[in-house]
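The sequence shown runs 1 to 519 under our numbering. The beta-carbon is built from N, C-alpha and C at its ideal position, and this holds for glycine as well. Each remark here refers to the structure printed beneath this line.
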Amino acid sequence: MGEGNVRMSKGRIVISALILAAGLALAPGQGSYAAPNDRIQQGVTAGDVDLAGMTQEEAKQTLTEYVNGLRGKKITLRAADGQSVSVTAGQLGLVWKNPDLVQQAVDLGRTGNIVARYKALQDLKYKGKNFEIELDFEKSAIAGIVSEQCGRFNVEAVNAQLVREDGVFRVTEGQAGYVVDEEASVAAISDYLLHQWDGQDGSVDLVMAVEEPQGKAEDLQQVKDVLGAFTTSYSTSGTSRSRNVENGCRLINGTTLYPGETFSAYDAVKPFSSENGYYMAGSYLNGQVVDSIGGGICQVSTTLYNAVLLSELEVTERHNHSMIVNYVDPSADAAIAESSGKDFKFVNNTPYPIYIEGYTENKKITFTIYGVETRDPGRTVSYVSEVLERKVPEQDQIVADASQPVGFIHTSAAHIGYRAQLWKVVKENGTEVSREVVNTSSYQMSPSTVTVGTATSDPGFSQMIQDAIATNDTGLVKSVVANIKAVQEAAAMSQEQLAEIAAAQAAAQQAAQDAEAGN
């Protein structure tokens, strides 16, 4: 019993001694490893930054400056061909995830019971304590950099092409392309920054996908058969419209289209600008003929449309003109227009490549489509236009033009309105085997427009011409205009006669003065 009490007393003595020692060690200013209550203990670091002796605010500012320094480090993103772009870690969305480590550093050795605090200080004395500065990067920022700045590294594949010169085809080889795989590149950059980056300037490779070119020489060399050809004339066109037709033909000529690919006539000939070879010429707009840059381009798409029909390729988009055209039958036209979004599109639905040849000669435009003929030799296809309805304008439309003088008259031709459809007729060995409607088209009726000038300083003439225009009677308007011009000419002659008389009088007076001076 007594012996047991002795052991307990000794235990209390040992614990008390430890507590006393710890208390002395933890007393402010006691021991080389204990810091004042408002400062971080000796031996505490965060990453590469020594926090010993700092207040909470000092440590927070120091670490913030450290992280800001990391944001300025350059990260170079490298493409496969040696090109690169340099950005900063800040641009890649660097963020400091655990700023609460500052509070943890301040509390170290000051929280828990006296034994825990004693142990923490002993650990600091002999081992120190390093807090990890946890960094992260915003995926959206990385994705934005890759999308906006690395797209320039993309090199599109160049498909093998056919070129026809002097009636002979030759093959030009294709070239592989390289495209930045944005999703994989974002993942690679993120992995580098989070697991490999040492906080200094660094570099990482972008993930590039290889884009193989289409076309093999053996496939292209088979393209030699004429699938369809069509010609239209622009012999009545002026210089500007003729140039537009020739320019559009040139832009389409030489196109190689692979199986399943879609051809857009609008994409091939745009933009309609002088830089792209176009001039101002007449075109249709809201039932009127107006001058626009590229006027006449629809004859190019129309000629190609008919060649495509004869080749039996798949037409996926086609629009008729607002008014009838004179170079093909009704329903055989294909309009394109930037303002209305009209386009002519077709798909190469054959198992082989096709080649589009276009040329102009003697004010005629021709498109020929070459491919591999798979249709039966006895099969022929033709297209027949059928007019379902015809509307003829009953009278002229008279329009006043205040920018032109009284006496000016200009007449534009009328356009008959049509409703028509186009039939596809297939024959085998001369016998018709099928007939189907390809399209239906409606064309606006447009009366002849008589533009009459109304500008005059004579109120009487102005009223006369306005009254005549109000009747919408072309004959009366022309008669009134003729009368006004006759009066104006008579008035002009009278003025000339008065001027002659005045000149004669002045000459006589001058002669008399000269004679008197001589005497």
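Residue i, buried or exposed, once every other Cβ within 10 Å from all chains shown has been counted against 16
i, result
"D343", "buried"
"Q510", "exposed"
"T374", "exposed"
"I465", "buried"
"I142", "buried"
"I40", "buried"
"V437", "exposed"
"Q161", "buried"
"R152", "exposed"
"V115", "exposed"
"Y126", "exposed"
"A89", "buried"
"E246", "buried"
"E357", "buried"
"G378", "exposed"
"T360", "buried"
"R318", "buried"
"Q299", "buried"
"T239", "exposed"
"S479", "exposed"
"E394", "exposed"
Beta carbon of residue i nearer than 8 angstroms to that of residue j
i, j, result
"I252", "A268", "yes"
"I321", "A307", "The sequence as given places His at residue 321; Ile does not occur at that position. In this structure, A307 does not lie closer than 8 angstroms to H321 by Cβ."
"A265", "P213", "no"
"V487", "I409", "no"
"S340", "N439", "no"
"T454", "I365", "no"
"I297", "H415", "no"
"V171", "L220", "yes"
"E218", "A157", "no"
"P353", "L257", "yes"
"V102", "Q42", "no"
"N244", "A184", "no"
"V44", "A105", "yes"
"K270", "E338", "yes"
"V347", "G260", "yes"
"Y279", "F272", "no"
"S446", "T411", "no"
"G295", "R241", "yes"
"S385", "D329", "yes"
"F367", "L304", "yes"
"Y370", "D225", "yes"
Collapsed DSSP secondary structure at residue i in the structure displayed
i, result
"D458", "coil"
"Q444", "coil"
"A413", "coil"
"R250", "helix"
"Q30", "Confidence at Q30 is low in this model, with a pLDDT of 40, below 50, so its placement is unreliable and the value that follows should be read with caution. DSSP places Q30 in coil when its eight states are reduced to three."
"A59", "helix"
"Y178", "strand"
"Y359", "strand"
"F169", "strand"
"T335", "A quick correction: the sequence has Ala, not Thr, at residue 335. Residue state, collapsed to three classes: coil."
"A22", "Because the pLDDT of A22 is 43, which lies under 50, any placement of that residue in the model is unreliable, and the question is left without a value."
"L51", "coil"
"S16", "The predicted position of S16 is uncertain, since its pLDDT is 41 and thus under 50; no value can be drawn from it."
"S292", "strand"
"Q83", "coil"
"G43", "coil"
"K97", "coil"
"T474", "helix"
"N130", "strand"
"S385", "strand"
"M464", "helix"
"K125", "helix"
"G112", "coil"
"F408", "coil"
"L227", "strand"
"V313", "For the sequence presented, residue 313 should be read as Leu rather than Val. Coil at L313, not helix or strand."
Whole-Å CB distance - residue i paired with residue j, under 8 angstroms assumed
i, j, result
"F169", "V207", "In fact, because the Cβ distance is near 39 angstroms, the residues do not count as touching under 8 angstroms."
"Y418", "V392", "With a Cβ gap of about 10 angstroms, Y418 and V392 do not count as contacting."
"D396", "V433", "Going by Cβ atoms, the distance from D396 to V433 rounds to 48 angstroms, so no, they are not a contact pair."
"W96", "V67", "5 angstroms"
"Y327", "Y234", "7 angstroms"
"T316", "K363", "Actually they do not touch by this definition, with Cβ atoms about 31 angstroms apart."
"Y178", "N154", "7 angstroms"
"G407", "I484", "6 angstroms"
Quiz item: Taking three-plus beta-carbon pairs below 8 angstroms as touching, is the segment 129–137 in contact with the segment 187–201?
Solution: yes
Quiz item: Are the segment 395–404 and the segment 310–318 touching, with three or more C-beta to C-beta distances below 8 angstroms?
Solution: no
Practice problem: Count the CB pairs spanning the segment 73–88 and the segment 145–165 that are closer than 8 angstroms, and state whether there are at least three. | Solution: yes
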